[in-house]
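Number of protein chains: 2
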Amino acid sequence: MKHGLVIIGGVAAGPKMAAKARREDPDVPITLVTDEAVISYAGCGTPYYLGRTFDQREKLLVRRPEDFGAQNKVTMLTGHRATQIDPAARTVTVVELASGTVKVLPYDQLGLATGARPFVPPLPGLPAEGVFTLRSVTDAFAIDDYIDLHHAHRVVVVGGGYIGLEVAEQFRERGLEVTLVELMDQVMPRFDVPLAHAVKAELERLGVEVLVDTKVEAIDVDHRNRVTGVKTSRGPVSADLVILSIGVRANSELAREAGLAIGPTGAIAVNERQQTSDPRIFAAGDCAEQRHLVDGQPCWIPLGSTANKQGRVAAVNMTGGHETFPGVVGTSLVRIGQLNAGGTGLLESQLVRAGHDYETVIVPQADRPGYMPGVGEVTLILHADRATRRVLGAQAFGPGVVDKRIDILAVAVTAQMTVDQVANLDLGYAPPFSPALDVVITAANVMRNKLDAKTASVTPHKLLAEPADPQRVLLDCREVTEWNGGRLPGARLMPLGSLSERCGDLDPSCAVVVYCKGGLRSAEGYRKLRRAGLKKVRYLDGGITAWCGDVEH
Amino acid sequence: MKHGLVIIGGVAAGPKMAAKARREDPDVPITLVTDEAVISYAGCGTPYYLGRTFDQREKLLVRRPEDFGAQNKVTMLTGHRATQIDPAARTVTVVELASGTVKVLPYDQLGLATGARPFVPPLPGLPAEGVFTLRSVTDAFAIDDYIDLHHAHRVVVVGGGYIGLEVAEQFRERGLEVTLVELMDQVMPRFDVPLAHAVKAELERLGVEVLVDTKVEAIDVDHRNRVTGVKTSRGPVSADLVILSIGVRANSELAREAGLAIGPTGAIAVNERQQTSDPRIFAAGDCAEQRHLVDGQPCWIPLGSTANKQGRVAAVNMTGGHETFPGVVGTSLVRIGQLNAGGTGLLESQLVRAGHDYETVIVPQADRPGYMPGVGEVTLILHADRATRRVLGAQAFGPGVVDKRIDILAVAVTAQMTVDQVANLDLGYAPPFSPALDVVITAANVMRNKLDAKTASVTPHKLLAEPADPQRVLLDCREVTEWNGGRLPGARLMPLGSLSERCGDLDPSCAVVVYCKGGLRSAEGYRKLRRAGLKKVRYLDGGITAWCGDVEH
């Protein structure tokens, strides 16, 4: 290769591509172009720097461009913006930002790692001082400096996705007053209702004001054009700092203008080898699409983990090798205060949209044996295909160890396992780590019972969405002390031990929903009620633990 | 069914079988026979009770026999020992231990959950007061009472398997002086050498005296037949308490005497439905064999987790349903002090014995981004089949989160994934939980490089086992400050940055082993040395982090 490789992008996929290409081919010329001054930074770490989980800026900067260039024999064009690709001539035009100098770089293989950028809505009042997006370390440092300089203490975070949540939590951790504003009717908009409900409750416990179903209509500024608040559909909220974390968009314009195929998601279309529609141009990281392994559809889930894997695959293919990146299953994690949450596979909103015939269970369980210190609860939501019994998706939340359960299920979803296979997984068992039957196993077994029609249940959000039915009976089968601590509005108490006798009071044709703390006793209650001759019985998935409506005291 | 089910065993599989059978069939008569007074106890929790990780005895007793019987409509014959099965007559003979009364119980389906018992070698001096095995809660309470009554403070634990390790660690936690004696040349005898090395080092850091390669020859007692120490092949060790944790044996005698097939492991042979050679007799839990899913061979890995799963499967089949238990992959976990350790799939000792053509990598890596508080290292050992590239086994150890990585790989091994598939797994990424590229992904990529002959490496224990070669050069490619902190005996320092220039000093035909801290720089060093014309180059898997020989200071 005469001209060698040109790689555009310096955060995750770009440097990975360059370093791996160098290992694959010690001699090929490699040039890396980035419009930033820094490379390889830990973008995902910025909320934790802002929250003072750690306070050294340099920890976010993994390596210096000059060191990276020297170690990997890569020509580093930092502060250079790529403005045009000519696929026919195999050149990239770049502009040195400081001088305005234009250079034309010829390539044999081009690697695109142009990333993504925050979406900024066209709000009245923008641009304004004190209104930021958070994407790069430069953004983080600017926000940090602004807080110090202006003694900012009243923050509005717009958008309740991962970044918004992490920023809100971390600003609270730093002692700031925080209001989180979300347009949709829940934080983590596409996630299942019980998880979003738990996340909102934890934010509120931390002292974050959470406004859902709330539209930001304008940014308010003072005479110096410095932010003083936001106008929302619920009224004004004062602020001396605003973070817009509404979403991100793939930086696919350069590719689009060069005539490369763009996928339905708006990101650059690539094949399994990370090759674009031009066989000499590869794309990796946040600018590129992925394939979702559950439904086989193109998707766009920009994450540093995926960027690194794709960068490696692109590098091997750009240097004459052959490697493939099969796709993703949408695994994600977040920690908010004492609450861990995450998911993998398809969310319920995606299953509904795609018309899947699926079944859901919700199972709360301790993450370790009850006698071990530090034991925490994990509530697991599992979705399975009714016909194939395949696990389609899982989400989990709670103070217990969530990430392990999500990763176990990420592998199971990737391997297209059925719930029957998941129920018999040989997961590690020792008291410091897990109970004899992990919540993953239990949830799979609960799902088997439901798929086999041995039980029938209803999720809390589906129950809440059902039309009011005066004939419907809500039965609480817990003990009276639990009942006294809070119950579902309108419920009747019938502890499990006396359920079989006392349910004779009920009209056999009435619809019954029986619930307990987490679902175990109410599944037993379901059996008792059915045996007592009741026809329309369901139990409440996840019991009062996963309940996302009001509780009566 | 007229006579219904008789189930023998009351700890894990037995009660599970009874409870699940009741859910499957509300009417079938069920009788549970156990020679103990308690049921469903947390046997795995006993070391933690003895170490005062928790101090309430009742926490080990999950439920009372009378409650269990009433809730599940099960006739509970506690304190009854089953002495004979007559498969032709379909009866079990039981003896009430308190009265000596003999009863003959007819059955339609019989469930065996007779468990396992500790192996006690025929040592001179046995039986003696103060010498115990630890299996049941009764054992634990007896040990606890003995410590209190006799102010025992000097313990010898015989056997360095899981129970021995946990007991040694927990007794140390309680403030006792502990010596652990192991016959083999390492603790965790069948595990890979670097893991066993790390466990031994951690025990010693905690203040446990560890004697490997040491045979216990006799128990020393005083005139009251109370233990005073053990005679070992290395001399006497004083003790006022001895725990024998040499291993366990399946309680398969009852089955054997009834003519049921016993497997090559000595446990009861069962098919996938947990059915013994008599179709009306099922077995589950520690008394039964499993199939190992990696090699398809019968194995016997007694664990409470497996017992619960098998109990469920047996119950469904005993009540007219159809369910199967496919097998296990040998997943196990242990925590010793600050060190977490575990494994899944085949161990190196098993791969060698079975003649597998396998490749190994050892990769230490932080479990979270370096800027997050609480970050800990995990060293991952991965074995893959050279031809199929399937992951055959994995082990991990370190202060970081080990259990998650082992469970991820347990699922991958079960799904027969190749290292290429594992390298692209979509594992959850967020700074509080994991780095962008998890050690699981990194290790799979290191393995791909090795399988593709892009690099060549040697594990520390294989290097230590190689015959002395005066021509062999050990190159330390770290920085001088790291070198000054300790290095491999006889190594030469050549930091990576100057390696290409300085390696000209070496005879091109000499055998070189290059190492660094964990393997990253030395893999790069490998490439540099090869490009410089050296023919026989390898790097050291896991670097000095996983080294299990002497370190020179």
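As you go down the protein sequences, you meet chains S and X in turn.
For the first sequence, position 297 matches number 297 in the working numbering, and the numbering has no gaps at all.
One rule links them: number in the working numbering = place in the second sequence (from 1) + 1000.
Where a beta carbon is used, it is the ideal one built from N, C-alpha and C, also for glycine.
Since the model is a prediction, treat every value here as computed from it, not as a measurement.
- For methionine 17(S), the uninterrupted alpha helix (DSSP H) segment begins and ends at 13-24.
- Residues of chain S whose Cβ lies closer than 8 Å to the Cβ of leucine 1060(X) are, in chain order, Tyr371.
- Taking 4 residues as the minimum length, the alpha helix (DSSP H) runs contained wholly in the region 294-380 of chain S are 304-318 and 348-353, in order along the chain.
- The distance from the Cβ of isoleucine 1008(X) to that of leucine 1112(X) is about 6 Å, consistent with a contact at the 8 Å cut-off.
- Every alpha helix (DSSP H) of 4 residues or more that sits fully in the region 471-525 of chain S is shown, in chain order, as 480-484 and 496-502.
- Contact with chain S is absent for glutamine 1338(X), since none of that chain's Cβ atoms lies less than 9 Å from the residue's Cβ.
- A contact is defined here as three or more CB-CB pairs under 8 Å, and the region 1447-1466 of chain X meets this definition with respect to the region 1530-1544 of chain X.
- For valine 1028(X), no CB of chain S lies under 9 Å from its own CB, so it is not counted at the interface with that chain.
- Under the three-state reduction of DSSP output, threonine 1138(X) falls in the helix class.
- DSSP, read as helix, strand or coil, puts valine 422(S) in helix.
- For the region 46-57 of chain S, the residues whose beta carbon sits under 9 Å from a beta carbon of chain X are, in order, Pro47, Tyr48, Tyr49, Thr53, Phe54 and Gln56.
- Closest by C-alpha distance to glutamine 1071(X), out of Leu1061(X), Val1033(X), Pro1015(X) and Ser1099(X), is Pro1015(X).
- A residue is called buried once 16 or more other Cβ atoms fall within 10 Å of its Cβ, and arginine 1389(X) is buried on that count.
- Comparing alpha-carbon positions, the option among Asp222(S), Thr414(S) and Glu166(S) lying closest to glutamine 338(S) turns out to be Glu166(S).
- Taking a C-beta distance under 9 Å as the contact criterion, leucine 1496(X) and glycine 1525(X) qualify as a contact pair.
- Secondary structure of glutamate 257(S) (DSSP, three-state): helix.
- Among the residues of the region 390-405 of chain S, those with a Cβ less than 7 Å away from any Cβ of chain X are Asp403 and Lys404, in the order of the chain.
- For glutamate 66(S), not one C-beta of chain X is nearer than 9 Å to its own C-beta.
- Residue state for lysine 231(S) is assigned as strand, using DSSP reduced to three classes.
- Note on geometry: alpha-carbon atoms of glutamate 1482(X) and serine 99(S) lie some 42 Å from one another.
- At least 9 Å separates the CB of arginine 190(S) from every CB of chain X.
- Assignment of alpha helix (DSSP H) within the region 1197-1230 of chain X, counting only whole runs of 4 or more residues, yields no such run.
- Rounded to the nearest angstrom, the Cβ distance from valine 411(S) to valine 440(S) is 11 Å, too far for a contact under 8 Å.
- The three-state secondary structure of leucine 105(S), taken from DSSP, is strand.
- Chain-order list of chain S residues neighbouring serine 1136(X): empty, with the shortest C-beta distance near 16 Å, by a criterion of under 7 Å.
- Going by DSSP, methionine 1188(X) is part of no beta strand (DSSP E) at all; its letter is neither H nor E.
- Contact between glutamine 395(S) and isoleucine 408(S) fails: their C-beta atoms lie close to 13 Å from each other, not under 8 Å.
- Against chain X, the beta carbon of cysteine 44(S) has neighbours under 9 Å at Pro1369, Tyr1429, Ala1430, Pro1431 and Ala1436, listed in chain order.
- Excluding residues up to 5 positions away in sequence, Val512, Tyr526, Leu529 and Arg530 lie with their Cβ nearer than 6 Å to the Cβ of valine 537(S) in the same chain.
- For threonine 545(S), the closest alpha carbon among the candidates Tyr515(S), Ala523(S) and Lys535(S) is that of Tyr515(S).
- Looking at the DSSP output, glutamine 1274(X) sits in no beta bridge, so it has no partner there.
- Across the structure, glycine 533(S) and proline 1026(X) are spaced so that their CA atoms are roughly 14 Å apart.
- Listed along chain S are Tyr429, each with a C-beta nearer than 7 Å to that of leucine 1303(X).
- Around the beta carbon of lysine 1215(X), fewer than 16 other beta carbons sit within 10 angstroms, so the residue counts as exposed.
- For isoleucine 8(S), no chain X residue has a Cβ inside 7 Å of its Cβ, as the nearest lies near 20 Å away.
- Going by DSSP, glycine 125(S) is part of no alpha helix (DSSP H) at all; its letter is neither H nor E.
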